[in-house]
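Undergrad: In our numbering, the protein residues as written are 4 to 141.
Here you go, one structure.
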Amino acid sequence: QPGLPADFLDCSRLAVVCCYQEMRAYLMADSEVAKVRNLWKVYDYVAEIAFISDALRLCNLSPPLITRAIHDLRESVTCFEGLRVYGDYRTPANIRAFIRLCVYGVPLIMCPQFATLDEIGFPLFSFVVATFVALLFL
Numbered sequence: 004q005p006g007l008p009a010d011f012l013d014c015s016r017l018a019v020v021c022c023y024q025e026m027r028a029y030l031m032a033d034s035e036v037a038k039v040r041n042l043w044k045v046y047d048y049v050a051e052i053a054f055i056s057d058a059l060r061l062c063n064l065s066p067p068l069i070t071r072a073i074h075d076l077r078e079s080v081t082c083f084e085g086l087r088v089y090g091d092y093r094t095p096a097n098i099r100a101f102i103r104l105c106v107y108g109v110p111l112i113m114c115p116q117f118a119t120l121d122e123i124g125f126p127l128f129s130f131v132v133a134t135f136v137a138l139l140f141l
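In structure tokens form, the structure reads like this:
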């Protein structure tokens, strides 16, 4: 493409590869200091890749090609942020266990309230509320 440097593909490939290596290093880091250092590197590479996509825009490449690159970068960052949440806070197994506990635990804990509603003359309402509470956690 005219207007692009001769080593443009190599530079952009290297930036993407290094970005993914730093993402992996962040997710595999053992200490918070290493995580912070790798996170800075990840966002530096993301900024570099965004700069590369701006270079594509300035050399009059067709808009669908440029927006595809920007979309892919956005999706990569979004997926990385999702992996960060899993890596930093809870594993998916813990989340599933918490949801199962809520499915069975919350209706059991609220049984006296449902019985009270039934006792004061609202049997249909107590059934609807109990079903709704159970469906919230499914």
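Backbone N, C-alpha and C define an ideal beta-carbon position, used for all residues, glycine too.
Remember, it's a predicted structure, so these values are computed and weren't measured experimentally.
#1: Leaving aside the five residues before and after residue 117 along the sequence, list all residues of the same chain whose C-beta is less than 6 Å from its C-beta, in chain order.
#2: Let me check understanding here. Comparing Cα to Cα, which of 60, 65, 89, 49 lies closest to residue 78?
#3: If you draw a straight line from the alpha carbon of residue 45 to that of residue 39, how long is it in whole angstroms?
#4: Quick one: Cα of residue 95 to Cα of residue 135, how far?
#5: Hey, would you say residue 51 sits closer than 9 Å to residue 41, going by beta carbons?
#6: If you pair each beta-carbon of the region 21 to 37 with each one of the region 57 to 74, do three or more pairs fall below 8 Å?
#7: Using the C-alpha atoms, what's the distance from residue 139 back to residue 107?
#8: I'd like the list of long-range same chain contacts for residue 55, defined as Cβ closer than 7 Å, with 5 residues on each side in sequence excluded.
#9: Out of 59, 137, 13, which has the shortest C-alpha to C-alpha gap to residue 112?
#10: Going by C-alpha to C-alpha distance, which of 22, 122, 30 sits closest to residue 86?
#11: In the structure shown, what three-state DSSP assignment does residue 173 receive?
TA: Let's see:
#1: 129, 133
#2: 49
#3: 10 Å
#4: 25 Å
#5: no
#6: no
#7: 12 Å
#8: 15, 18
#9: 137
#10: 30
#11: The displayed coordinates of the chain run from 4 to 141. Any statement about residue 173 would go beyond what the structure contains.
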